[in-house]
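Peer 1: Residue numbers (numbering that gives the first Met the number 0), protein chains in the order written: chain W, 0 to 344; chain Z, 0 to 344; chain E, 0 to 344; chain B, 0 to 344.
4 protein chains.
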Amino acid sequence: MPINIAIIGASGYTGAELIRILLLHPHAAIKILTGDSSAGKNVEDIYPHLRNRGLPKLTALEKTDFSSIDLAFCCLPHGTTQTVIANLPKHLKIIDLSADFRLADPAVYKEWYGHTHQAVKLQKEAVYGLTEVARAEIKKARLVANPGCYPTSAAVPLVPLLKAKAILPGSIIVDAKSGVTGAGRKVAQNMLFAEIDGGINAYGVGAHRHAPEIDQNLSRAAGKKIIATFTPHLVPMNRGILSTIYVQLAGKYTVTGLRAILLKAYEHEPFVQILPLGLAPSTHQVRGTNNCAVGVFADRAPGRAILVSAIDNLVKGASGQAVQNMNVMFGWPETTGLQLSAVFP
Amino acid sequence: MPINIAIIGASGYTGAELIRILLLHPHAAIKILTGDSSAGKNVEDIYPHLRNRGLPKLTALEKTDFSSIDLAFCCLPHGTTQTVIANLPKHLKIIDLSADFRLADPAVYKEWYGHTHQAVKLQKEAVYGLTEVARAEIKKARLVANPGCYPTSAAVPLVPLLKAKAILPGSIIVDAKSGVTGAGRKVAQNMLFAEIDGGINAYGVGAHRHAPEIDQNLSRAAGKKIIATFTPHLVPMNRGILSTIYVQLAGKYTVTGLRAILLKAYEHEPFVQILPLGLAPSTHQVRGTNNCAVGVFADRAPGRAILVSAIDNLVKGASGQAVQNMNVMFGWPETTGLQLSAVFP
Amino acid sequence: MPINIAIIGASGYTGAELIRILLLHPHAAIKILTGDSSAGKNVEDIYPHLRNRGLPKLTALEKTDFSSIDLAFCCLPHGTTQTVIANLPKHLKIIDLSADFRLADPAVYKEWYGHTHQAVKLQKEAVYGLTEVARAEIKKARLVANPGCYPTSAAVPLVPLLKAKAILPGSIIVDAKSGVTGAGRKVAQNMLFAEIDGGINAYGVGAHRHAPEIDQNLSRAAGKKIIATFTPHLVPMNRGILSTIYVQLAGKYTVTGLRAILLKAYEHEPFVQILPLGLAPSTHQVRGTNNCAVGVFADRAPGRAILVSAIDNLVKGASGQAVQNMNVMFGWPETTGLQLSAVFP
Amino acid sequence: MPINIAIIGASGYTGAELIRILLLHPHAAIKILTGDSSAGKNVEDIYPHLRNRGLPKLTALEKTDFSSIDLAFCCLPHGTTQTVIANLPKHLKIIDLSADFRLADPAVYKEWYGHTHQAVKLQKEAVYGLTEVARAEIKKARLVANPGCYPTSAAVPLVPLLKAKAILPGSIIVDAKSGVTGAGRKVAQNMLFAEIDGGINAYGVGAHRHAPEIDQNLSRAAGKKIIATFTPHLVPMNRGILSTIYVQLAGKYTVTGLRAILLKAYEHEPFVQILPLGLAPSTHQVRGTNNCAVGVFADRAPGRAILVSAIDNLVKGASGQAVQNMNVMFGWPETTGLQLSAVFP
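#1: Out of W:K224, W:H232 and W:G14, point me to the one whose CA is closest to A206 of chain W's CA.
#2: Look at the alpha carbon of K176 of chain Z and the alpha carbon of P332 of chain W, and state the distance between them as a whole number of angstroms.
#3: Got a sec: which bits of the region 222 to 245 of chain B sit with their beta carbon under 8 Å from any beta carbon on chain E, in order along the chain?
#4: Can the beta-carbon of T33 of chain Z be found less than 8 Å from the beta-carbon of L60 of chain Z?
#5: In the DSSP assignment, what residue or residues form a beta bridge with N200 of chain B?
#6: Classify D104 of chain B as buried or exposed, calling it buried when 16 or more other Cβ atoms lie within 10 Å of its own Cβ.
#7: Could you tell me the alpha carbon to alpha carbon distance between A259 of chain W and H116 of chain W, rounded to whole angstroms?
#8: Pick out whichever of E:A71, E:Y265, E:P1 and E:A9 has its Cα sitting closest to the Cα of T130 of chain E.
#9: Which residues of chain W have a Cβ atom closer than 8 Å to the Cβ of Q188 of chain E, listed in chain order?
#10: Name the DSSP beta bridge partners of I2 of chain B, please?
#11: Would you identify the three-state DSSP class for C73 of chain Z, choosing helix, strand or coil?
#12: Report the residue from B:G113, B:G147 and B:K224 whose alpha carbon sits nearest the alpha carbon of A128 of chain B.
#13: Please state whether DSSP places P46 of chain W in a helix, a strand or coil.
#14: Quick check: the Cα distance between A309 of chain W and N145 of chain E, rounded to an integer number of angstroms?
#15: How do the region 241 to 251 of chain B and the region 7 to 22 of chain E stand: do at least 3 beta-carbon pairs fall below 8 Å, yes or no?
#16: Roughly how many angstroms lie between the CA atoms of V254 of chain B and G319 of chain B, to the nearest whole one?
#17: Quick check: what's the CA-CA separation for P150 of chain E versus A321 of chain E?
#18: Expressed to the nearest angstrom, what Euclidean distance is found between the alpha-carbon atoms of V132 of chain B and E268 of chain B?
#19: Would you mind giving the Cβ-Cβ distance between V271 of chain B and D311 of chain B, rounded to the nearest angstrom? I have them listed as a contact below 8 Å.
#20: Just the chain W side, please: which residues come within less than 7 Å of V179 of chain E by C-beta, in chain order?
#21: One question on the structure: do S281 of chain Z and N200 of chain E come within less than 8 Å of each other, judged by their Cβ atoms?
#22: Can you list, in chain order, the residues of its chain with a C-beta nearer than 6 Å to that of P1 of chain Z? Leave out the 5 residues immediately preceding and following it.
#23: Can you pull out the residues from the region 10 to 28 of chain Z whose beta carbon lies closer than 9 Å to at least one beta carbon of chain B?
#24: Below 8 Å between beta carbons: does that hold for T243 of chain Z and I305 of chain Z?
#25: Quick one: is P344 of chain W near chain Z, going by C-beta distance under 8 Å?
#26: For G169 of chain W and V295 of chain B, what's the separation of their Cα atoms in angstroms?
#27: Starting from the beta carbon of R258 of chain Z, find every residue of chain E whose beta carbon is closer than 8 Å, and list them in chain order.
#28: Do you know whose CA, among Z:I273, Z:T228 and Z:S340, lies nearest A300 of chain E's CA?
#29: Under three-state DSSP, which class holds A133 of chain Z?
#30: If we count the other Cβ atoms within 10 Å of its Cβ and call it buried at 16 or more, is P88 of chain Z buried or exposed?
#31: Going straight from the alpha carbon of F192 of chain E to that of D196 of chain Z, what length do you get?
#32: Assuming contact is defined by CB atoms lying nearer than 8 Å, are V204 of chain E and T230 of chain E in contact in what I supplied?
#33: Just checking: is the beta-carbon of G78 of chain E within a distance shorter than 8 Å of some beta-carbon in chain W?
#34: Any idea what DSSP makes of K139 of chain E, helix, strand or coil?
#35: Extract the residue ranges of the alpha helix (DSSP H) inside the region 57 to 109 of chain B, only unbroken runs of 4 or more that lie entirely within it.
#36: Determine, for D104 of chain B, whether the minimum Cβ-Cβ distance to residues of chain W falls below 8 Å.
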């Protein structure tokens with residue numbers, strides 16, 4: 000007997016990706032799709048690739064009856080989400096893909112998002128849903144704050160190393176390269192094909208909103224305050240994040256030791272692949288999957304190591320991890336509906 | 000109880016795509032992967048995106064024991080396939096993705112492939128596997144010649160119209176645009192990223208090997224010899240074929256009538272989507288799926304109509320239709336393992 | 000002594016391309032750049048690639064003094080251009096890159112653009128600027144209507160053949176594939192990188208505004224009314240139009256005869272390349288240049304031929320041909336400032 | 000009176016790019032193009048975009064008479080170049096685009112290239128041609144070793160800062176992202192469009208041959224041995240390198256101070272653009288030009304700064320800097336033939 004699912008804000012890319020995944024999930028029935036500017040339309044009117052899949056029409060959020068719904072995925076923009084979720088019926092389990100409930104400290108939220116948090120009580124209730132790290136809390140949560148794509152790509156390789164004190168907490172540099180869907184389906188000149196194709200640029204250098212979320216993850220793992228250096232880049236491709244991470248080894252650790260820690264930490268994890276030493280992952284190999292592939296490298300500079308992680312920003316970085324969290328919350332095997340083969344080429 | 004499957008020539012793109020699809024198929028167990036130049040390697044050595052999927056190592060064809068295998072997909076290059084298949088054990092069902100058994104007339108084969116066919120007897124036995132057209136024969140076949148990607152994209156919209164005598168057989172022009180995977184994984188200068196990206200070109204103009212296959216399909220449907228005009232183009236994208244087809248209407252037919260014929264013909268077909276009049280398909284909407292989407296348009300020039308069909312060349316144009324044919328041959332619902340959601344973006 | 004140039008509507012792609020070309024032109028001094036929404040900005044604020052090139056700031060059109068200007072290129076959107084140009088000082092020579100003055104018949108304009116033409120008298124004065132065809136009239140013109148990109152790609156190969164009565168006027172099909180810059184820099188969801196990359200689609204099938212312009216060119220050449228079939232497609236690339244053109248041979252003409260006509264017609268033309276028989280052009284080879292490369296092919300279907308033309312839509316299809324027309328209007332060698340090398344890869 | 004130029008190994012991308020640039024150079028006449036596997040062919044047979052440019056046929060190197068040649072650009076692969084150049088007539092000035100003469104220390108060369116250097120004497124004579132740094136030596140040189148693309152992108156922002164002792168020499172991390180043409184025109188599976196498009200990967204992590212060249216540049220500037228951390232990445236685009244560089248500030252330096260040093264160092268340099276503080280360059284803005292654009296950023300982590308440089312790897316990273324060096328060697332203004340406008344989009 001499947002659970003009934005609503006996707007709030009279904010007209011964006013994370014909404015479409017949730018639909019792609021849930022259509023193959025044996026325990027999920029998509030019952031409600033909301034999208035205020037698309038209300039009344041069929042899904043194929045905004046997503047031709049979802050024609051003939053038996054999906055409900057898009058509805059306006061305020062006219063939606065959630066009484067029969069078990070779980071809502073919330074795919075609304077940052078800032079507006081918190082009020083929407085605060086007003087949803089309390090019987091609903093919620094997985095929120097926005098940034099609204101990710102930062103535990105309301106002061107940090109205000110600093111980076113420019114306004115006072117509107118649902119501080121809910122924020123305290125929310126569980127940060129990096130599944131491999133917080134599985135036990137997610138299992139009991141009503142509201143899960145699904146992690147950001149960049150923070151996920153950084154936390155998977157770094158959290159076990161910081162917990163093991165194998166790297167110096169003050170030394171971490173995350174140089175991340177993302178496909179364009181990380182910016183969502185917003186219509187902006189700098190996201191036009193003609194402006195993106197054939198070139199690459201950095202953006203938000205030293206000032207991206209995912210930086211405090213990365214810090215929060217790393218600080219929790221290290222047990223002390225960490226400020227990581229983080230530079231995102233926009234790559235002419237649709238999907239994928241590759242994070243190249245520079246660290247300094249603690250004490251007598253070597254890259255072999257680092258890799259051993261990661262192998263041990265992720266020994267039973269179905270979605271994390273620690274590659275053989277010296278093998279570099281490509282985002283190609285995780286495209287369309289919930290996997291995170293991690294390579295470990297010695298640097299030429301003594302005492303340094305380089306980690307490279309690859310995820311699909313729409314899957315492990317958003318909708319896939321959301322479904323993984325759903326599986327945890329409902330007690331199903333974590334890989335249910337997520338054994339997607341990568342799409343290559 | 001799944002059947003045991005071999006993929007002969009698994010190191011190319013159609014082999015990888017078969018693996019992607021079959022990994023989600025409930026009745027298929029991949030037991031053998033052959034690849035002569037990759038023999039002894041793990042799949043992830045040649046296809047990192049297939050890491051950790053429990054697949055067998057690649058083996059050399061001549062050392063392979065097929066005794067426990069029920070079905071072999073053959074993904075070898077044109078020309079060499081016919082001899083290989085002639086030497087396979089007779090208990091095997093075979094779906095051949097090469098062009099070797101597609102052309103019924105050995106003289107035509109010789110004309111276009113430059114050598115006498117080496118397995119004429121087998122060629123007579125082979126069933127041309129355009130599933131929607133030849134389902135009954137495929138069901139009884141031991142050897143299925145899986146259709147080419149261009150011919151599939153042309154036949155789906157045209158066969159019902161020719162059968163209904165709704166268009167003039169002498170008027171057909173197929174202008175087809177393909178992604179690069181249509182050329183396989185062969186290493187050639189003109190397939191380098193730097194040579195492909197940012198431009199488009201026609202090739203094989205008036206002289207492409209898929210032309211006689213297109214003719215054969217159309218001639219069978221019309222009950223008379225047809226020579227279609229066919230121009231393939233190479234588009235800077237990985238997957239997809241868009242065929243824009245120009246026809247002259249027969250008698251009093253209109254585009255509405257044409258669409259009605261297609262709607263009727265494909266009424267119960269799960270993979271063919273006849274779009275509302277005037278709506279143009281994109282290859283985006285079929286990417287990763289076994290679907291063929293067809294748009295129907297009136298032309299400004301009186302008495303002419305335009306049809307546009309979109310497929311994924313690696314799925315409906317190759318590995319997907321092959322699995323569809325497997326489902327027919329083994330009596331499973333045709334959509335088994337093929338209810339893939341399109342991957343967009 | 001260079002002439003003084005204004006570019007009206009300089010913030011779009013054709014404006015930027017004019018700047019790119021004119022910066023290397025020995026007789027052109029860019030004195031005015033207008034852009035209403037960008038007024039007051041430096042060029043590098045909207046086009047970082049034009050930093051440090053000594054260009055004037057963007058100004059608002061209505062505050063612009065044209066008294067010292069010799070020639071204005073007008074790069075405004077269709078529909079608004081006609082009124083703007085009607086109000087410009089009469090001493091100005093004008094090359095208009097919009098569609099406003101291309102269609103000689105106001106009734107046809109109204110049919111396709113949905114409103115009565117606001118400057119019919121000017122339209123009568125305007126010369127349609129397909130340089131190779133109308134050089135003599137352009138030389139004397141004050142207002143040149145610069146041809147559309149699709150019409151240019153169709154007219155170059157077809158006009159000489161129609162003049163020579165070598166092809167049947169009723170048989171012409173133009174299947175055209177364009178890069179995204181043909182749509183300008185407008186911000187629209189369907190032009191986002193994520194929506195364009197990795198796929199192809201037809202659009203405006205049987206109903207594109209360039210169709211009557213194509214008809215007008217072909218009808219003039221044939222001396223009789225022609226309705227051509229025309230289908231544009233959107234290709235995931237920035238620049239280039241490839242038009243694949245299907246024709247029926249008249250009388251005893253062969254493709255060799257067709258090619259001979261084209262060779263003769265373009266014998267002294269610096270920008271038209273008639274390729275050896277059977278050689279297919281790619282848009283790669285004309286990227287960044289004012290060239291039009293044309294291939295001629297026999298079809299398998301008797302009595303038919305296939306022509307393939309390649310241009311850069313922003314150069315020969317817009318700003319390059321505009322500069323070519325400027326050279327004609329001012330009596331300079333036609334190649335002045337246009338001997339650009341193609342940019343490949 | 001132009002000088003006579005030979006391009007040895009003209010069939011690769013740097014050779015084609017040299018031709019593109021030199022065709023617009025007023026003092027350069029291309030007289031010889033060698034290409035052993037293409038000997039006897041016309042340029043348009045291997046580079047259709049260079050049709051009709053009046054270029055000589057390709058010849059075999061060993062049959063080439065250099066007696067009338069003033070300058071040879073050498074575009075051969077690493078390793079074979081040194082012997083070829085050693086055997087060229089001594090009257091020739093030579094600019095070598097390979098890596099053969101870049102590393103001053105033969106032991107370092109042997110370590111990274113796997114064989115003893117075959118022309119050690121010549122190597123001592125060779126001047127490393129980073130124009131902005133070594134202008135005076137280049138002016139007097141007979142043999143210039145043209146810098147690598149990655150080293151150029153790293154040296155331009157770092158050399159003045161190291162000379163000023165404004166950053167800590169032990170802290171430098173260069174995370175570089177390159178288009179595919181950096182790998183040349185070699186035919187390899189991993190450079191196929193289908194393998195590159197839609198994804199990104201790191202390669203040569205901690206072990207790329209450009210690392211010692213980067214070290215050499217930085218060490219010379221710092222006056223002490225530096226080992227930089229360097230990670231190259233392959234981006235799905237044709238041209239461009241973006242290097243994101245992480246440094247630690249020395250003493251009381253701030254990013255404003257860093258930028259002031261760069262502004263001063265490049266005050267009179269026509270090809271180096273130091274952007275306003277906080278503005279990030281894109282490779283789009285330098286595409287097709289000899290420019291290097293540099294952005295300077297404060298990091299969130301105290302005491303750190305981030306520099307981002309953008310070049311076109313085929314121009315400032317190869318053929319453009321080669322022509323810049325030619326201009327220096329022959330006493331022409333350095334921008335001669337290099338005032339190319341960027342090609343955007």
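Yeah, the Cβ is synthetic: ideal placement off N, Cα and C, and Gly gets one too.
In this text, all values refer to a predicted model and were calculated from it rather than measured experimentally.
Peer 2: Taking the definition as stated:
#1: Considering only alpha carbons, the answer is W:H232.
#2: CA-CA distance, K176 of chain Z to P332 of chain W, rounds to 43 Å.
#3: N237 and R238
#4: yes
#5: W:S281 and B:L233
#6: exposed
#7: Whole-angstrom Cα-Cα distance: 41 Å.
#8: E:Y265
#9: For Q188 of chain E, the neighbours in chain W by C-beta distance under 8 Å run, in chain order, R184 and V186.
#10: In the DSSP output, where bridge partners are listed per residue, I2 of chain B has B:A27.
#11: strand
#12: Before going further, note that residue 128 of chain B is Gly rather than Ala in the sequence given. Among B:G113, B:G147 and B:K224, the Cα nearest to that of G128 of chain B belongs to B:G147.
#13: Going by the sequence as given, residue 46 of chain W is Tyr instead of Pro. Coil.
#14: 48 Å
#15: Taking one beta carbon from each stretch, the region 241 to 251 of chain B and the region 7 to 22 of chain E have fewer than 3 pairs nearer than 8 Å; the two do not touch.
#16: Answer to the nearest angstrom: the Cα atoms are 30 Å apart.
#17: 14 Å
#18: 11 Å
#19: Actually they do not touch by this definition, with Cβ atoms about 14 Å apart.
#20: F192 and A193
#21: yes
#22: H26, A27 and A28
#23: Y12
#24: Result yes, Cβ atoms of T243 of chain Z and I305 of chain Z sit closer than 8 Å.
#25: yes
#26: 22 Å
#27: Those do not exist, as R258 of chain Z stays about 14 Å from chain E at its closest Cβ, beyond 8 Å.
#28: Residue Z:T228 is the option with its Cα nearest to A300 of chain E.
#29: helix
#30: Here P88 of chain Z is exposed: its Cβ has fewer than 16 other Cβ atoms, across all protein chains shown, within 10 Å.
#31: 15 Å
#32: Cβ atoms of V204 of chain E and T230 of chain E: closer than 8 Å.
#33: Taking 8 Å as the threshold, the shortest C-beta distance from G78 of chain E to chain W does not fall below it.
#34: helix
#35: Runs found: 80 to 85.
#36: no
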